[in-house]
Amino acid sequence: MVVSLAFALLTAVSTVSLPTIITTYASPLCTALRQKVAPALAGLAIEDHVMARQRPLGTSGATIMHLAQNWIAVNQLLDPGSFFHSTNAADAASMEALRLRLQAVNDDENASLNVLSGSYDTYQFEYLAAEGPGVLGPGVDPTVNGALGAELMQADGTPAIAQWAGPLDREYLKRQAKTAQDEAQVLPALAPIIAQCK
16 MVVSLAFALL
26 TAVSTVSLPT
36 IITTYASPLC
46 TALRQKVAPA
56 LAGLAIEDHV
66 MARQRPLGTS
76 GATIMHLAQN
86 WIAVNQLLDP
96 GSFFHSTNAA
106 DAASMEALRL
116 RLQAVNDDEN
126 ASLNVLSGSY
136 DTYQFEYLAA
146 EGPGVLGPGV
156 DPTVNGALGA
166 ELMQADGTPA
176 IAQWAGPLDR
186 EYLKRQAKTA
196 QDEAQVLPAL
206 APIIAQCK
């Protein structure tokens with residue numbers, strides 16, 4: 016849903032012609048729409064697209080890093096200290112309502128990212144621990160090998176966390192469903208702002 020909102024917003028905002036009075040001025044509301052909201056929606060669309068294809072025990076470290084960097088960029092765009100300031104109380108209230116809804120979506124994506132990242136890190140740790148002494152380099156003797164290392168692996172040699180794939184998938188999908196619910200709340204806050212900037 017955020018993907019279609021982002022494209023609708025970008026199209027609507029890019030076709031706006033601003034009035035000229037000696038010099039061209041843009042309203043603070045429309046400027047914030049272009050400079051903060053549009054990039055935040057684009058970032059959330061990237062998160063949606065990538066996260067829709069992920070599962071807790073099937074995600075690469077590079078994908079997790081990409082999602083984390085994207086989340087940080089969107090979070091910075093939504094920073095209340097720099098998102099939008101106006102003496103127009105109605106504009107300030109509508110932009111704050113929109114910011115809060117976008118922040119809720121970004122927070123939901125972070126919760127899903129935490130499931131992916133935690134699962135990935137646990138899987139990698141368990142695999143490393145079961146490998147035994149020397150795996151971290153010459154002269155490094157991790158003490159997790161032996162009884163603890165064996166506990167971290169299943170009989171077939173896969174890390175123990177693999178047995179939790181079903182519950183992890185369910186938790187991830189539950190968090191993605193929460194994201195979809197919060198995304199549905201963005202359009203009602205966004206539409207009136209777009210209408211003012213046409």
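16 is the number of the first residue of the sequence shown in the numbering used here; add one for each residue after it.
Ideal placement from N, C-alpha and C gives every residue a C-beta, glycine not left out.
Bear in mind the structure is a predicted one, so any value in this text is a computation, not a measurement.
Among Ala204, Arg185 and Ile208, nearest to Gln69 - alpha-carbon criterion: As a working mapping, residue 69 is identified with position 54 in the sequence shown. Considering only alpha carbons, the answer is Arg185.
Spatially closest choice to Ala204 from Tyr138, Gln118 and Ser132, by CA coordinates: To locate residue 204, count along the sequence shown from 1; it is residue 189. Of the listed residues, the one whose Cα sits closest to Ala204 is Gln118.
Presumed contact (8 Å Cβ cut-off) between Ala177 and Leu72, rounded CB distance: Here residue 177 is taken as the residue at index 162 of the sequence shown, counted from 1. Here residue 72 is taken as the residue at index 57 of the sequence shown, counted from 1. Going by Cβ atoms, the distance from Ala177 to Leu72 rounds to 6 Å, so yes, they are a contact pair.
Pairwise C-alpha distance: Lys189 and Ala175: As a working mapping, residue 175 is identified with position 160 in the sequence shown. As a working mapping, residue 189 is identified with position 174 in the sequence shown. Those two C-alpha atoms are separated by around 23 Å.
Delimiting residues of the alpha helix (DSSP H) encompassing Ile87: Within the sequence shown, the letter at position 72 stands for residue 87. DSSP places Ile87 inside the alpha helix (DSSP H), whose first and last residues are Gly76 to Leu92.
Ile209, enclosing alpha helix (DSSP H) - first and last residue: Working through the sequence shown from its first residue, we reach residue 209 at position 194. Note, Ile209: alpha helix (DSSP H), Val201 to Gln211.
Three-state secondary structure assigned by DSSP to Pro95: Your numbering for residue 95 matches position 80 in the sequence shown. The DSSP-derived three-state label of Pro95 is coil.
7 Å CB neighbourhood of Ile61 in its chain, flanking five on each side removed: Taking the sequence shown and counting its residues from 1, one reaches residue 61 at position 46. These residues qualify, in order along the chain: Asn85.
Cα-Cα separation between Ile208 and Gln50, rounded to whole angstroms: As a working mapping, residue 208 is identified with position 193 in the sequence shown. As a working mapping, residue 50 is identified with position 35 in the sequence shown. Using only the alpha carbons, I get a separation of about 14 Å.
Proximity below 8 Å, CB of Val89 to CB of Leu131: Your numbering for residue 89 matches position 74 in the sequence shown. Your numbering for residue 131 matches position 116 in the sequence shown. Going by C-beta atoms, Val89 is not nearer than 8 Å to Leu131.
Of the listed residues Leu183, Ala112 and Phe98, nearest to Thr137 (C-alpha basis): Taking the sequence shown and counting its residues from 1, one reaches residue 137 at position 122. The residue with the shortest Cα to Cα distance from Thr137 is Leu183.
For Pro174, three-class secondary structure by DSSP: Start at 1 with the first residue of the sequence shown, and residue 174 comes out as number 159. Pro174 falls in the strand class under three-state DSSP.
Pairwise C-alpha distance: Ala104 and Ala126: Along the sequence shown, read from residue 1 onward, the residue named residue 126 stands at position 111. Along the sequence shown, read from residue 1 onward, the residue named residue 104 stands at position 89. Cα to Cα, the separation comes out at about 32 Å.
Met66, enclosing alpha helix (DSSP H) - first and last residue: Residue mapping note: residue 66 aligns to position 51 of the sequence shown, counting from 1. Here the alpha helix (DSSP H) through Met66 covers Ala53 to Met66.
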